[in-house]
Each structure stands twice: as structure tokens, then as C-alpha cells.
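Heads up: the sequence shown begins at 1 in our numbering, then just goes up one per residue.
Inspection log for the structure reproduced underneath, given as C-alpha cells.
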Amino acid sequence: MTHQQLLHKINYPHELRKLSRQELYTLAQELRSFILSNVSKTGGHLASNLGCVELTIALHYVYNTPEDALVWDVGHQSYPHKILTGRREKMDSLRQMGGLSGFPKRGESEYDTFDVGHSSTSISAALGMAVANQLRGRDNKVVAIIGDGSMTAGLAFEGLNNAGWLESDMLVILNDNEMSISESVGAISSYLSQILASRFYNKVKGTANKALSVMPGMQKLAHKVEEHMKGMVMPSTMFEELGFNYIGPIDGHDLEQLIDTLSELKNLSGPQFLHVVTKKGQGYKLAENDPIGYHGVNKFNPNEGMISSGKSSALSYMHVFGKFLCDIAKIDDEFIAITPAMREGSGMVEFAKLYPEKFFDVGIAEQHAITFAGGAATKGIKPIVAIYSTFLQRGYDQLIHDVALQEVSVLFAIDRAGVVGADGPTHIGAFDLSFLRCIPNLIIMTPSDENECYQMLYTGFRINNQSCAVRYPRGAGIGRELDAEFKMIPVGKGRVVREGNKIAILAFGSMLQAAREAAEEINATVCDMRFVKPLDRDLLLQIGKTHEFIVTIEENVIAGGAGSACAEALQDFNIQRPILHLGIPDQFIEHGDPKQLLSLIGLDKNGIIRSIRHKNWI
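Right, dumping it as C-alpha cells:
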């Protein structure tokens, strides 16, 4: 590790701009060392941030931030940006409760121009800023920085298409960190990129186009010649057709070239597109060799690298899902498994290796994933879509129109439901029960432990002519062993897990354990409701007739959630009982330890008891 002698003198970009170019190389080394040291203590996104050091330095060196806006996509590459914009001393609080967010956040710094966490938003947001600048007569620059993974989403191309059509002054930087720097990123490519970026070239190009405009045939011929000449050495054609001036690819770790190119682009008008090639994990060999493994990390010793802590006594829910896939493949051939770029995060690595013909990673394209599943289902193939709750929001129209309305059978394995912890409000799975419950032809299941999850996935897989959603939380379960064989769970049936008196707690999914702990202290009845849709109306009728007070609890927003469904059903029965709805309150939940967050919003044993006492029911 190097001493951060230079880095500790840089608190804001205006101080960075006073450095010589040679000093910038030293700064890059120190910044990379600081990121590695810090993230190893806090956890977070590592490989992508190590790869973005030089690009970040060059951007803040060339552009007059914050007046000029840098719009980061997703935010997995924003740590160098945070460090150089007044937050270096707070980086030890990264992703901790009350500390810095792991993503750009407007309320955190004026240098963070747009709140992000989901992919592919940067181009559209940057275009909006560019248009606003134009309307207000401002000449501030706007730069969108997007990764190659985010370019797989339709939203990115919608933004590109509109930006090219409007001819707005903005720069899109494609940070391509999946491909290695090939021979094309050498002396010839560097020379061509400088030529293409120069004001002289673009002035000549513009003058020539104007002169040839009176001769449409000649103009078309000249354009074709230019297009084919550029296409021989660089992948420009697609972006040029969208209305962008394409430059690149250039070496994203060459500060001199980055600064020279950005300096030229800064003075050009119209939409510009810069293709930059970087290496994930740059400067840390372990991350360079395993960029996926070092994408998101927990605390670790940088000298040793990440070492497995050994097998946990409790399976994580994503591993339960992975085992379900492998086990179902042994007995059924008529299905496919789909993920929008979350093979590792959804526990599908082993399945993908064993059954590659059944595994489909569609990239960051949630809308496509769902319609793709709907199409496959019309031909009798059972699609299983593994998707995070927060990302399912992006495919809501497709869920309604291309799955439910089609009356086809798709199984949705919804991971990261409820409070997720360090990733904060952009990743919390707070809304799925509410937005799923109103969709016809959809069964919704909420497992309370690992085995229930395993069997519910099987149940959903076996149901035909209707789609099913099984939603489960992040992390480990309670240590429940999985049954040796698959078993169907009766659809729409809950169960009483504890008999009490006066008060009944209706628990959905992950909230069952906290409900049982609270019930032991106050002698309440506890029901594992299991299904949000269809509800166990018989069980609800029984509880309504035999108990004075009813509590519903779910790891979902209260508005429109499972508790609301229970209240609606009781009203149908003309049963009037005081009802207390517990769930995620009407606010965005910030990042922090999941147990602390659940306690903070009253979804633990003490919180349940406190809320009931507040009602004077005990």
C-alpha cells in the first residue's frame, strides 16, 4: 500500500485541477490503493471502482464540476468520484447506517447529480439535464458514464435515440470493462481517435457536409465513404446512425489520452460518444483475475483476498433456489431458467454449468426477460424467471400484458424481498406484494423458512394455466433442513403455528419468526398465512370469529399489501375487529444492517409488542 500523501491534499476537484499531469499518475496510484484499503474494511463494489480510477480523475480534471454534470449509471463505479468530491474522510462509513450511500445520492453531495442504483438511466437523465440547460440559456456540460452491461437495457437505447434526434450537447462515455484492450487500442487507434475528436476535423466535416448539401448524391456518397473507412477500424457505425459522433475505443487507463480526448470533446457541439476500455479490478491482481467474484465484496484482508468463512449452518435463500433448479432438472425436461444478468446473485451458477441448454442470461433487460418468458410459455415450456424484487418493478407492464393477460404459466422466483441492507432504498424489495396482488391470474406465495421456499417453488412449478410468484428475503434462512422429496403445498391454505387467546398475529413469510417470538411473550395466536393470493379465507373467518384483535405483519409496504388483503376479506365476512397493520412504513428505507433496520421500523419482536401495547390491547 502506498502512502496517500497527494490524495490527502485533494478534497475537491478544483484542487485536483492544480496538479501537473505527472502528479495525476501518482494520484491515480494512491486513489486505487485507498479504495482497496477502504472497501476491504466496509465491503462494497470493488472491481468496477478499481477500473474507473483514471477515467474519474480525467473527468474531474477536464470538466468544471459541479457546474458541469457527471451522471453515473448504476453507481457501481462511483467510489473514486465520492473520494474526490469531499467525502474521502467519510468513506469508512460507506454503506453503514447513517453513513455514505454506496451509490450517487443527490442529498449527499452537489457533485451527485442524479440518484441511481438501477442500471441504464444515465443517458436519459443526462439528456434531460442537457435540454434543461439549453432552455435556460446555460452552456454547462453534461456527461453520462455508462458501463457495457447497462448498454444491454432498452432504456439506454431509448435515451441514445432521443439524444441523437434532438442533437443536444452532451457526451456519453461507454466504460467498456468486459473486453481486454486489443490491438485496435494502440498507436493507430489512438491517432485516429485524436483526429476524430479534434475541433479541426469536426469543423472540416461540418463545412464539407454543408457544401455537399446542394448535391445530395455527392453528400450521400461522401457519407458512405466516411462510414466505411471508420467502420474498418472501429465499431462506430451504430452510434453514428443514432446521431452521435463516435470516438474510440481508447485506453481508459491512459491519463494523457483521456485528458486530451475529453478536452477536445468538451468544445464540440451536438451528441458525442466516447468508447473507453478499462479493466475491472485494475491494479489488484486478485480482482483482475476474478472480476465477478470481486464485484461486490464483504470485509476481507487485501493481502489474502477473499477467503470463504466456511459453510453456514443455514442455507441462504438463493442457494435454496439454486438447489431447486438442479433438483427439478433431474425429473422434468420441459422448462427453462431465465435471469436478467444475475446468475451469481440468484444462485444459478451450478445450474448454468450442469444445464447450459436450459439457462438463459438475457443481460440487464428485465422487460425482455418477462416477455421472453411469456412467449416461451405459449409453446408449452415452463419458464422460471429469477429476479430481484426491486428489478421486477422494471418489467411491470410486461408482467401484466405479456404474462398474466396471456393466461400462461410462468414461475417467478423473487429474491431480495423486503429489507436488503447495505444497498439501500434503490434495492429494497418493499413493493412487490402490493403491485402483484392486484394482477389477475397470479398466485403469490410467501415462504417463512428454507423448506417452505423449496416446496413452494415446486408447487408453483407444477401449477399450470396460471403464473406464480414466490418471494423470499436476502440472506440465510433459520436453519431449516430441506425435505428429501418435493411436496405440493395446498394452494391458498395457511396454518396455525401457535394457539393463544384474544390477539391473533397473521404473519406473511419472513415475519413469522418475529411474530412467534412476540406471541410467546403476550400469549397470542400466530398464523403462517403462506399465501397472499389466494388468501386462506376459511382461516381468516375462523380467526375473526375467535379473536378480539388482529395483527397483520409483512416485510412489504403497508399500503395495498397482504394486511390490506386480510382487511378486505374480513370486511367481506362482515366481521368487525380492530386490526393493526405492521409492515414497511410509507418512506424509503436507507442503507444499514438489516436487523437494525427491521428493529428501527418495528418489525422485530420488541417492535411488534410495542405496537400492540400502544393500542392498549395488552
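For glycine and all other residues, C-beta sits at the position ideal for the given N, C-alpha and C.
All values reported here derive from a predicted model rather than from experimental measurement.
Have a look at the options and flag the residue whose alpha-carbon is nearest the alpha-carbon of residue i.
i: residue 106; options: 115, 6, 33; result: 115
i: residue 110; options: 530, 68, 117, 90; result: 68
i: residue 29; options: 118, 405, 80, 440; result: 80
i: residue 297; options: 49, 468, 547; result: 49
i: residue 255; options: 57, 15, 36; result: 57
i: residue 326; options: 513, 304, 349, 339; result: 349
i: residue 390; options: 119, 603, 596, 379; result: 119
i: residue 369; options: 541, 20, 410; result: 410
i: residue 386; options: 173, 536, 595, 472; result: 472
i: residue 24; options: 137, 54, 14; result: 54
i: residue 176; options: 162, 278, 132, 76; result: 278
i: residue 144; options: 63, 353, 494; result: 63
i: residue 133; options: 100, 117, 168, 104; result: 168
i: residue 239; options: 263, 162, 261, 299; result: 162
i: residue 622; options: 77, 14, 34; result: Given a span of 1 to 618 for the chain in the structure shown, any question on residue 622 remains unanswerable.
i: residue 438; options: 583, 396, 335, 73; result: 396
i: residue 572; options: 272, 560, 541; result: 541
i: residue 174; options: 159, 166, 147; result: 147
i: residue 440; options: 538, 616, 408; result: 408
i: residue 596; options: 97, 46, 135, 355; result: 97
i: residue 461; options: 381, 8, 502, 514; result: 381
i: residue 604; options: 66, 584, 314, 617; result: 584
i: residue 537; options: 355, 294, 513, 570; result: 570
Which first and last residues belong to the alpha helix (DSSP H) in which residue i is found?
i: residue 14; result: 13 to 16
i: residue 286; result: 285 to 289
i: residue 462; result: 450 to 462
i: residue 26; result: 21 to 42
i: residue 612; result: 605 to 614
i: residue 572; result: 562 to 572
i: residue 129; result: 122 to 135
i: residue 376; result: 366 to 377
i: residue 303; result: Neither: residue 303 is in no alpha helix (DSSP H) and is coded neither H nor E.
i: residue 48; result: 47 to 50
i: residue 158; result: 154 to 166
What are the boundary residues of the beta strand (DSSP E) that residue i is part of?
i: residue 584; result: 579 to 584
i: residue 594; result: From DSSP, residue 594 is part of no beta strand (DSSP E) but of the alpha helix (DSSP H) over 594 to 600.
i: residue 142; result: 142 to 147
i: residue 471; result: 467 to 471
i: residue 388; result: 382 to 388
i: residue 171; result: 170 to 176
i: residue 359; result: 359 to 361
Please state if the CB of residue j and the CB of residue i are separated by a distance shorter than 8 Å.
i: residue 416; j: residue 343; result: no
i: residue 123; j: residue 153; result: no
i: residue 419; j: residue 555; result: yes
i: residue 384; j: residue 413; result: yes
i: residue 388; j: residue 429; result: yes
i: residue 527; j: residue 557; result: no
i: residue 284; j: residue 94; result: no
i: residue 421; j: residue 592; result: yes
i: residue 562; j: residue 532; result: yes
i: residue 113; j: residue 71; result: yes
i: residue 378; j: residue 398; result: no
i: residue 358; j: residue 329; result: yes
i: residue 431; j: residue 393; result: yes
i: residue 602; j: residue 613; result: no
i: residue 426; j: residue 402; result: no
i: residue 275; j: residue 247; result: yes
i: residue 355; j: residue 47; result: no
i: residue 61; j: residue 16; result: yes
i: residue 251; j: residue 150; result: no
i: residue 404; j: residue 442; result: yes
Taking 8 Å as the threshold (beta carbon to beta carbon), is residue i in contact with chain D?
i: residue 529; result: Looking for chain D here will not work: only one protein chain is present.
Is residue i near the ligand FAD - that is, is its Cβ less than 7 Å away from at least one heavy atom of it?
i: residue 493; result: Only the bare structure without any ligand can be found here, which leaves the ligand FAD out of the picture.
Handout entry: Uninterrupted beta strand (DSSP E) stretches inside the region 479 to 553 (no shorter than 3 residues)
Key = 495 to 498, 503 to 507, 525 to 528, 531 to 533
Exercise for the section: Enumerate, from N- to C-terminal direction, the unbroken beta strand (DSSP E) stretches of 3 or more residues contained entirely within the region 236 to 295. Expected result: 245 to 251, 271 to 277
Problem - Ordered list of alpha helix (DSSP H) runs contained in the region 52 to 117, each at least 4 residues - result: 53 to 62, 79 to 82
Handout entry: the region 430 to 449 / the region 123 to 139 touching (three or more Cβ pairs under 8 Å)
Key = no
Practice task
Only counting runs of 4 or more residues, tell me where the alpha helix (DSSP H) segments fall wholly within the region 409 to 450, in order along the chain.
Solution key: 432 to 437
Exercise for the section: Any chance you could list the beta strand (DSSP E) runs of at least 3 consecutive residues sitting entirely within the region 321 to 356, in chain order? Expected result: 335 to 339
Practice task
Assess, as a yes-or-no matter, whether the region 78 to 97 is touched by the region 271 to 290 under the definition of 3 or more beta carbon pairs within less than 8 Å.
Solution key: no
Practice task
Report yes or no: do three or more beta-carbon pairs, one from the region 544 to 555 and one from the region 497 to 507, lie closer than 8 Å?
Solution key: yes
Practice task
Count the CB pairs spanning the region 454 to 465 and the region 485 to 492 that are closer than 8 Å, and state whether there are at least three.
Solution key: yes
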